[in-house]
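Input: a single structure, listed below in structure tokens.
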Amino acid sequence: MAEMGFFDKVYAVAIQIPFGRVTSYGAIAKYLGAAKSARMVGWAMNASHNMEDVPAHRVVNKKGLLTGKHHFEGTNLMQQLLESEGVEVVDNQIQQLDVIFWDPQVELPEYLGDNL
DNA sequence: ACACTGACTTGAA
DNA sequence: TTTCAAGCCAGTG
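In structure tokens, the structure reads:
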């Protein structure tokens, strides 16, 4: 099996994020074994605009802040997408983050890493 | 080919 | 407690 680049791995995890749940760049990076590559995760999201299966709006920073909303169309698209999934967002800050947070390290089987 | 930037996070001062 | 710096990988000038 050909080794996947960081981007592809990020996408593979991102598309697993359940409806109405969110995760963080760092959580994905850490799951991929590169905890310090959180920036790359965000960068991958930027490139994911070509991919329909990548719910970039479900990926926020660790504080639950919609730091990437500025990269979406319009000014509030990211928030609207989240709210349409039942995620409460106030002033770019996801509410009840501790409840809807989805940690790939916990929710996904670890062997998925080799299966990517 | 080199340097800088970028949707982040963590640790040290 | 708050502020600063480093690390990670890819893309762009």
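Counting along the first sequence from 1, when you hit position 36 you're at 1131 in the working numbering, and nothing is skipped either side. Backbone N, C-alpha and C fix where the C-beta goes; we use that ideal spot for every residue, glycine too.
- Judged by DSSP in its simplified three-state form, Gln-1190 adopts coil rather than helix or strand.
- Between the alpha carbons of Tyr-1106 and Trp-1138 lies a gap of roughly 11 Å.
- Following the DSSP letters along the chain, one finds Lys-1125 inside the alpha helix (DSSP H) bounded by residues 1120-1126.
- DSSP, reduced to helix, strand and coil, places Val-1149 outside both helices and strands of the structure shown, so it counts as coil.
- By the neighbour-count criterion, in which a residue is buried when 16 or more other Cβ atoms sit within 10 angstroms of its Cβ, Pro-1204 is exposed.
- Val-1117 carries a strand assignment under DSSP once its states are collapsed to helix, strand and coil.
- Distance from Leu-1177 to Val-1184 at the Cβ level is roughly 5 Å; contact confirmed, criterion being Cβ atoms closer than 8 Å.
- Of all alpha-carbon atoms in Gln-1188, Lys-1157 and Val-1182, the one lying nearest the alpha-carbon of Ala-1130 is that of Lys-1157.
- Closest by C-alpha distance to Ile-1189, out of His-1144, Ser-1132, Gln-1111 and Gly-1115, is Gly-1115.
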